[in-house]
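This report concerns only the one structure given below.
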Amino acid sequence: MNLRQLKQRFVLHLDPVLLSGLGALLLVSLLTLYSASDGNGARVLGQLGNIAVAFIVLWIIANMPLHWLMRIAVPMYVLGMALLIGVALFGEISHGARRWLNLGVANIQPSELMKIAVPLMMAWYFEKHEATLTWRNHLIAALLLVMPLALIVRQPDLGTSILIAASGFFVLFLAGLSWRVILGLLVAAAASAPFLWHALHDYQRQRILMLFDPSQDALGKGYHTIQGMIAVGSGGLMGKGYLQGTQTHLDFLPERTTDFIFAVWSEEFGFIGNLFLLGLYVFVIGRGFVITANASTYFTRLMAGSITLTFFIYTFVNIGMVTGILPVVGVPLPLVSYGGTSLLTLMLGFGVLMSIHTHQRLVKT
Amino acid sequence: MTRKIELKNSQREIHFFRLRLFVGLGFAGLLMLLLLARVFYLQVLQHGHFDTLAESNRIYVVPIVPNRGVITDRNGVVLARNYAGYTLEVTPDNIRNLDQTIAEIGKLVEIKPKDLRRFKKLLAERRSLQTLPIRTRLTDEEVARFAAQRYRFPGVELKARLFREYPYTETTSHLLGYIGRINQQELEELEAGEVAANYLGSEYIGKTGIEQYYEKVLHGVTGFEQVEVDAGGRAVRMVSRTAPESGKNLTLTLDAGLQEVAVQALGDFRGALVAIDPANGEVLAYVSKPGYDPNLFIDGIDTESWDALNNSPDVPLNNRALRGQYPMGSTIKPFMALTGLHFAARSPDFSISDPGYYMLPGSRHQYRDWKVGGHGRVDMFKSIVVSCDTYYYGLATELGIDRMHDYLGQFGFGKRTGIDLEGEVPGLLPSTGWKMQRHQQIWYPGDTVSAGIGQGYQLATPLQMAHVTATLANGGVGYRPHLVKAIQRETSAPPQPLFDLKIPAQDIDLVKRAMQAVTHPGGTAAGSFYNALYPVGAKTGTAQVIAIKQGEKYDEKKVSEYNRDHAWFIAFAPADQPRIALAVLAENGGHGSSTAAPIARKVFDYYLLGKLPKPLKKAAVSDTAEGD
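As given, the protein sequences belong to chains Z and F, one line each in that order.
If you read the first sequence in the numbering used here, its first letter stands for residue 139, the second for the next number, and so on.
If you read the second sequence in the numbering used here, its first letter stands for residue 2, the second for the next number, and so on.
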């Protein structure tokens, strides 16, 4: 194998279109992180390391044949469930939530694994029963979603719950869940809202209340939302200029390298910058739709669709939260916020997308 | 066949899936548009609003306190000044363990129990985020010691500040008043007056006296520095600066030398002395004794000093010149004489034969003259010189209380003089209407008799007596007594007369000559003005504190000190061309002639001749005439 062949082998399962979109978003991430951390190079280098690791994972997954993915669906799901139960029983409490499991060698957050494992399992299940699909199968698939979801809601981890619920729902939806059931679910959700409200934790209720009037506790619970909106709004059409954001650099903006990084970008690059950033997300999501539409098997279609739509939900929830139309839930801006775990999960998802796209292309040719 | 069906199924399935996918795509697209609209709303439509919010986050306005105006006397002698010094100030809201922090500070800088007590008192009254001084007037060494360790004390600041100081302490206390820390009530008043912004950085406000009355002028205009701060409140850089405008300096009408002489002359008496330039109402001396040290009040007085001042039987905090109301006694007689002339109730030549008492027609009650056996034949001139009571008992009865009220009121009795100090009281000039309203009683003829010698319901403040004396000395043309001559060296227009009683020249002449004779041999104040190098017009007075029963004689030795008579003395000099008019009141001083007149002599000697008095003894020179 000469160098050229090696290079060919390396890029064989990478989708250049998707990859360019991801690369652009990651560049935005590094650029914004540098500003958000007040020119702290270590933060940027750290994220660069995270990107490197996540990229390797993406490459490995992209090179995995599809039947391998099918094969790991069940063990991954079972393992994830086991770990979630472990968390519920022996998990470590930090900041009032039980999310982490100490395995002796490392602390892990099993809910993160479930972001992929749940849709994978559901897609696998639908693929298995493709020929004889009835409402019974949908019910079982829904149970596969609800079981881990219940455990994660109990931790509590609202952000992850929403994302997993979305990913699972999209599988059900794409698998043809009857409109009547969807409508029924919506009605049921509306009807049970008061009970759900009751079931929420105090701090979760606070966050939702803050959404309607953040100023009622401007220095407390509403502080995040208010400062985020001020940062975004004060950016204006053209932004204050790179490294010039006052909300960012005078420490008014909380969580500015993680959940509120959108506000940093918005403040410094303005509405024009946001057109560009939202454009990048639309590009990546669009590519995801194209891959989904061209996916050859039931499993891959469901999987690709779910990954794409979940990525969109990820983006929507974060930006909606920073701009004050959604309550503050701990959802980072995908690919841009600092943090290795979420990046890893996302890139794993994109690896699956690339695998789906490139392997069937190989099959076709 | 089967293969075909399967293919068809798969086709349909893909079609069905794509339909779902498009629904998902539409859903995502709509929400994306929602985000875009939201961002557009925030960044384009609401940009102005959020920009303002971001600016107010970032820009912190630091007030720059103006220097308070300096107060000097008419000759430029400094009475209230500012000096630079260091305080150690604590912001309790920013300190986790206050007691421990104070203990730690105490290791570097001496904190006396007195400082601590004062701090505790301030702590209880503080407004939120206010900084409070734990120690004032640090020595250079203490400043250096703390400065080296300041990093250990977040929330504790070493502040270079200007301090107020009153070098004359007790001598000028009732006149200047003092500044003190702004309290909650004053803050609310500032807010109500919409001047709170000017006091953003100010910690002090004039509490009494000139400092209070001229607060607006003395305070100045606060400057501002716009500073960029981070979320932790740390200043990052300065954005802009508006310089403060210093408070204006005040030049008083007061003569500090005269003031000192007056204080000394009053000696240990409780009482007051006010001296006025009759030609324009300028207050030359303003004394209320005992005084207090106003410097104690500036940074909050400690409880012990406060209790000492507040509980003293001498009531040093009482501004007697302004707020002390006393029966005026015989000092009212020259004014009564003018009232008699005004209403033609008496001609100058009319004389009575004084048996030593007065009886109302149809009554056997004797209103006694101070002199047993009487003064013999007494006309108006003599009535003033010897202070004949019987003459005025009759005059008052003839005039009636309401006519007395009307004319004496024009002189300024029973009214505030309008001096530039807060809290002046009006005294009391009774009338039949007043008595009915106040006591629901009719006016008895006997009330009028004692009113004739200033011993009834009438009350006057020492300031008021000085004011009416100055008016008399000036021939009936009155000026508003005032303490400030110039603001920032800009002398205002010469004072205009407040009123002119248009007293006929011969009338005023008669009264003034009689008052002059008071200081001549045979007059009630002759002894005190023996050998005076200038002519003096005067009148003595004695105000009873307790009533003496019919047929009993007042004996100074028999009554306790606080029940002794008050001694009054009013005078002006030189009598022909008055440059100074004054009123002296010595509480429980006994006779005006023996106690109050010598005090006036010392003040005149200094003012007119530049003569400094010898150290005074209490209960001074005795007089030839015993006085009224």
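Every residue, glycine too, gets a C-beta built ideally from N, C-alpha and C.
Residue-chain proximity (residue i, chain F), Cβ-Cβ < 8 Å
i                 : result
Asp-389 (chain Z) : yes
Asn-275 (chain Z) : no
Met-367 (chain Z) : yes
Leu-160 (chain Z) : no
Gln-385 (chain Z) : yes
Asn-412 (chain Z) : yes
His-495 (chain Z) : no
Thr-270 (chain Z) : no
Val-420 (chain Z) : yes
Ala-280 (chain Z) : no
Met-492 (chain Z) : no
Phe-488 (chain Z) : no
Leu-381 (chain Z) : no
Residues that DSSP places opposite residue i in a beta bridge
i                 : result
Ala-225 (chain Z) : The amino acid at residue 225 (chain Z) is misidentified as Ala; the sequence shows Val. For Val-225 (chain Z), which the question treats as bridged, DSSP gives no partner whatsoever.
Arg-238 (chain F) : F:Glu-229
Pro-64 (chain F)  : F:Phe-225
Thr-252 (chain F) : F:Thr-73 and F:Ala-487
Phe-336 (chain F) : Answer is none; Phe-336 (chain F) lacks a bridge partner.
Lys-290 (chain F) : F:Gly-272
Val-284 (chain F) : F:Ile-277
Interface flag, residue i vs chain Z, CB-CB below 8 Å
i                 : result
Ala-236 (chain F) : no
Met-33 (chain F)  : yes
Pro-230 (chain F) : As written in the sequence, residue 230 (chain F) is Val, which differs from the Pro given in the question. With 8 Å as the cut-off, Val-230 (chain F) counts as an interface residue toward chain Z.
Asn-95 (chain F)  : no
Gly-47 (chain F)  : The amino acid occupying residue 47 (chain F) in the given sequence is Gln; Gly does not appear at that position. At least one chain Z Cβ lies under 8 Å of Gln-47 (chain F).
Arg-4 (chain F)   : In this predicted model, Arg-4 (chain F) has a pLDDT of only 46, less than 50, meaning its place in the structure is not dependable; the value taken from the coordinates is given anyway. Taking Cβ atoms only, chain Z never reaches closer than 8 Å to Arg-4 (chain F), which makes this a no.
Phe-1 (chain F)   : Shown here, chain F extends from 2 to 629; a query on residue 1 (chain F) therefore has no answer.
Arg-13 (chain F)  : no
Asn-296 (chain F) : no
Ile-44 (chain F)  : Sequence check: residue 44 (chain F) is Gln here, not Ile. Chain Z contact via Cβ: present.
Sequence-distant residues of the same chain with beta carbon closer than 8 Å to residue i, five excluded per side
i                 : result
Asp-577 (chain F) : Pro-536
Ala-487 (chain F) : Leu-251, Thr-252 and Ser-493
Ile-194 (chain Z) : none
Ile-6 (chain F)   : Because Ile-6 (chain F) sits at a pLDDT of 47, beneath the cut-off of 50, its placement in the model cannot be relied upon, and the following sentence gives the value as read from the coordinates. Nothing listed; no residue qualifies.
Lys-436 (chain F) : Gln-442, Ile-443, Trp-444, Asp-448 and Tyr-458
Cutoff 6 Å; reference residue i; Cβ partners in own chain excluding five residues on either side
i                 : result
Thr-496 (chain Z) : His-151
Gly-224 (chain F) : Ile-65, Thr-243, Ala-244 and Pro-245
Phe-162 (chain Z) : According to the sequence as given, residue 162 (chain Z) is Ala; it is not Phe. Excluding residues within five positions, the ones whose Cβ falls inside 6 Å are Leu-418.
Asp-153 (chain Z) : Met-492 and His-495
His-376 (chain F) : Asp-355, Val-387 and Cys-389
Met-259 (chain Z) : Ala-211, Tyr-215 and Leu-282
Gly-207 (chain F) : Ile-180, Gln-213 and Glu-216
Ala-467 (chain F) : Val-275, Ile-277, Leu-583 and Ala-584
Phe-409 (chain Z) : Leu-375
Pro-349 (chain F) : Met-381 and Leu-511
Nearest-angstrom Cβ-Cβ length linking residue i and residue j, presumed shorter than 8 Å
i                 : j                 : result
Gly-248 (chain F) : Val-288 (chain F) : Not quite, the Cβ-Cβ distance comes to about 26 Å (not below 8 Å), so this is no contact.
Leu-123 (chain F) : Leu-133 (chain F) : 5 Å
Gly-538 (chain F) : Gln-517 (chain F) : 5 Å
Leu-289 (chain Z) : Ala-226 (chain Z) : 6 Å
Ser-331 (chain F) : Thr-543 (chain F) : 7 Å
Gln-185 (chain Z) : Leu-171 (chain Z) : 6 Å
Glu-261 (chain F) : Thr-398 (chain F) : About 45 Å separates the two Cβ atoms, so there is no contact after all.
Leu-396 (chain F) : Gly-341 (chain F) : 5 Å
Leu-43 (chain F)  : Met-367 (chain Z) : 6 Å
Ala-257 (chain F) : Asp-421 (chain F) : With a Cβ gap of about 18 Å, Ala-257 (chain F) and Asp-421 (chain F) do not count as contacting.
Residues near residue i by beta carbon distance below 7 Å, same chain, minus five either side
i                 : result
Leu-159 (chain F) : Tyr-87, Leu-89, Val-144, Phe-147, Ala-148 and Arg-151
The ligand SAH heavy atom lying under 7 Å from the CB of residue i
i                 : result
Leu-241 (chain Z) : The model depicted lacks the ligand SAH and carries no ligand whatsoever.
Inside the segment 477-554 of chain F only - beta strand (DSSP E) runs reaching at least 3 residues:
485-488 and 538-544
Considering only residues of the segment 561-602 of chain F, which uninterrupted alpha helix (DSSP H) runs meet the minimum length of 4 residues and lie entirely inside it, listed in chain order?
none
In chain order, what are the residue ranges of uninterrupted alpha helix (DSSP H) at least 4 long that sit wholly in the segment 153-226 of chain Z?
154-174 and 179-201
Taking the runs of the beta strand (DSSP E) that are 3 residues or longer, which of them lie wholly in the segment 371-442 of chain Z?
none
Threshold first: 3 residues or longer. Then list the beta strand (DSSP E) segments lying entirely within the segment 99-165 of chain F, N to C.
Fully enclosed beta strand (DSSP E) runs of 3 or longer: 133-136.
Where in the segment 330-401 of chain F do unbroken runs of the beta strand (DSSP E), each at least 3 residues long, occur, reported from the N-terminal end onward?
Listed in chain order, they are 352-355 and 377-380.
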